[in-house]
Each structure stands twice: as structure tokens, then as C-alpha cells.
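Following: one structure in C-alpha cells, then a few remarks.
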Amino acid sequence: MKATAPAVHPEVRAVADALVAALGDDLRALLWHGSYARGEAKPDSDHDLIIILRRVDDDVLLRLREVFRGRANWSTFVQTEAELRQYPPTGRLQFHFGQVPLFGDFEAPPWTLENLLADLRNLAHEISFQCRLRLLHKQPEIEPVDQRLAGFQGYRNMLMLHYAAKWAVLALKARALMTDGEYPVTLAELRERLEYPEDLEVVDLVDRWAELSPQYDADYTPLALQLDAFARRLVAGLPEAEG
Numbered sequence: 000m001k002a003t004a005p006a007v008h009p010e011v012r013a014v015a016d017a018l019v020a021a022l023g024d025d026l027r028a029l030l031w032h033g034s035y036a037r038g039e040a041k042p043d044s045d046h047d048l049i050i051i052l053r054r055v056d057d058d059v060l061l062r063l064r065e066v067f068r069g070r071a072n073w074s075t076f077v078q079t080e081a082e083l084r085q086y087p088p089t090g091r092l093q094f095h096f097g098q099v100p101l102f103g104d105f106e107a108p109p110w111t112l113e114n115l116l117a118d119l120r121n122l123a124h125e126i127s128f129q130c131r132l133r134l135l136h137k138q139p140e141i142e143p144v145d146q147r148l149a150g151f152q153g154y155r156n157m158l159m160l161h162y163a164a165k166w167a168v169l170a171l172k173a174r175a176l177m178t179d180g181e182y183p184v185t186l187a188e189l190r191e192r193l194e195y196p197e198d199l200e201v202v203d204l205v206d207r208w209a210e211l212s213p214q215y216d217a218d219y220t221p222l223a224l225q226l227d228a229f230a231r232r233l234v235a236g237l238p239e240a241e242g
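What follows is the structure in C-alpha cells.
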């Protein structure tokens with residue numbers, strides 16, 4: 000059974016109303032997505048919003064900034080309709096699955112089997128790049144903005160490996176859509192579609208990150224190797240790219 004979308008979070012509704020008021024006719028559509036929209040938010044989750052504009056200039060961007068000034072834990076994707084028509088063949092699934100329309104409407108960039116393959120190759124590349132970079136060359140650390148993460152010695156590296164784990168889950172969802180034509184929006188739906196323990200372990204990494212990640216604080220090598228192995232398996236199961 001598919002999960003129903005949760006009620007719109009009060010902070011999300013407040014931002015949506017403020018954007019409608021601030022942008023007026025320059026705003027085409029607002030789409031709520033991410034873990035809150037899927038009913039899977041964790042204590043450290045961001046609010047995620049897709050903002051589609053009719054036009055963009057310095058004034059529009061500055062009005063957008065004013066809406067978000069002083070608001071923590073937000074992540075927004077901002078594009079105009081014209082920019083979306085130039086959108087690359089990856090990342091299109093976010094406009095079709097797992098999002099809740101809050102305002103307006105627009106024609107989402109279409110996806111095809113070729114788009115899905117491009118998505119999977121791109122995700123595998125990004126996962127491997129981050130894992131191998133951090134295995135070979137430990138990156139300088141930065142102070143975490145969220146003090147709940149202050150205990151991690153390798154904050155920058157763990158942050159990027161967390162992103163790599165999220166990309167791996169996106170790849171599993173895209174692969175499920177490619178193989179049987181149905182997209183698993185939530186982690187629970189995805190688990191039902193997986194049979195290999197290695198894939199289920201990747202889902203657990205994202206779902207239980209706060210619980211599991213401290214074990215990699217001193218040495219994230221096992222995590223980087225696990226995710227790189229996932230990327231290798233993913234690519235091995237795809238047809239070779241033409242050209």
C-alpha cells in the first residue's frame with residue numbers, strides 16, 4: 000500500500016504563502032518534496048521546495064532571499080520555465096514523483112528510458128567520485144553549522160558520504176522504475192522491491208543515519224568502500240553507453 004502525503008508542515012505553508020505574496024506574477028509553481036513531503040523526516044531533515052519562476056533577474060532573486068532570511072534548515076531548487084526547457088536529461092524524476100503541489104502548475108520536463116539510464120550513470124559516477132576522493136585524499140574539515148553534528152571529527156567527509164548514500168537510494172528508486180514501471184516514493188515502498196541484502200543495507204544507511212553514522216566517525220573507510228561497491232554493481236547492471 001502506498002503512503003499518503005502528510006499534511007503540509009506549518010513552516011512550509013508559511014514560506015509558500017510568503018513566496019506567493021513576494022513574487023506575484025513572477026511565480027509559476029511551488030512543489031514541496033523531500034523527506035517531510037514523504038512523511039520520512041528525521042530531526043536533522045531540511046525542508047525541500049522546488050520554485051518554478053516565469054522569469055528571473057536580480058530583483059526576483061533578492062526577493063526570494065528575503066523570504067528565506069533567518070529561516071534555517073531549508074533547501075530550494077529554483078528554475079524558470081525557460082531554464083527547465085534547457086534542463087539536462089538527469090534529475091527529472093523529482094518533478095514527477097514524491098512531490099506535493101502547493102501553488103500553480105507547470106509542464107514538468109519529460110523523462111524517458113534514456114533519461115533513466117543517464118540518471119543512473121550520473122548517480123553512480125557521483126557516488127564513486129566522492130567515495131574515491133575521500134578514500135585517497137582526506138578533505139580539510141569544516142565546522143558543522145548544526146551543533147548536533149559537532150562530535151564528528153570528519154564532518155566534511157561524512158557529509159559528502161551521507162549525500163552519496165542518498166544518491167544510492169535515488170538510484171535504487173530509478174532502477175525500480177526502469178525495471179517494472181513503478182516508482183517507489185518512500186523507503187518502505189523501496190524495501191518491498193529489493194531482494195539483495197547489499198541494497199537493503201544502503202537503504203538502512205539513509206533511514207538510520209543518525210544511529211549508524213557515529214561508528215564511522217573515527218574511520219569512514221568501510222562506509223566509503225560500501226558505497227563505492229554499490230556504484231560498481233549499479234553500473235555493471237546497465238547496458239553500455241552508446242558513443
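According to numbering that gives the first Met the number 0, the sequence shown holds residues 0 to 242 in order. No residue lacks a Cβ here, since even glycine has one placed at the ideal position from N, Cα and C. Nothing here was measured: the structure is a model prediction, and the numbers come from that model.
No Cβ-Cβ contact shorter than 8 Å links residue 226 with residue 120. Rounded to the nearest angstrom, the gap between the Cα atoms of residue 5 and residue 23 is 27 Å. Here residue 166 carries a helix assignment [DSSP, helix/strand/coil]. In the DSSP assignment, residue 78 forms a beta bridge with 51. Taking C-beta atoms under 8 Å as the contact rule, residue 56 and residue 33 fail to qualify, at a distance of about 27 Å. Per DSSP, the continuous alpha helix (DSSP H) segment holding residue 128 begins and ends at 112 to 135. The C-alpha of residue 64 is placed about 12 Å away from the C-alpha of residue 73.
For the options 215, 208 and 93, the alpha carbon positioned closest to that of residue 43 is the one of 208. Between the alpha carbons of residue 218 and residue 206 lies a distance of about 21 Å. Between the C-alpha atoms of residue 177 and residue 94 there is a straight-line separation of about 16 Å. When the beta-carbon positions are compared, residue 215 and residue 224 stay at least 8 Å from each other. With fewer than 16 other CB atoms across the displayed protein chains lying within 10 angstroms of its CB, residue 86 is exposed.
Counting C-beta pairs closer than 8 Å gives fewer than three between the segment 110 to 117 and the segment 75 to 86, which falls short of the contact rule. When beta bridges are read from the DSSP output, residue 102 appears opposite 29. In this structure, the alpha-carbon of residue 12 lies about 34 Å from that of residue 199.
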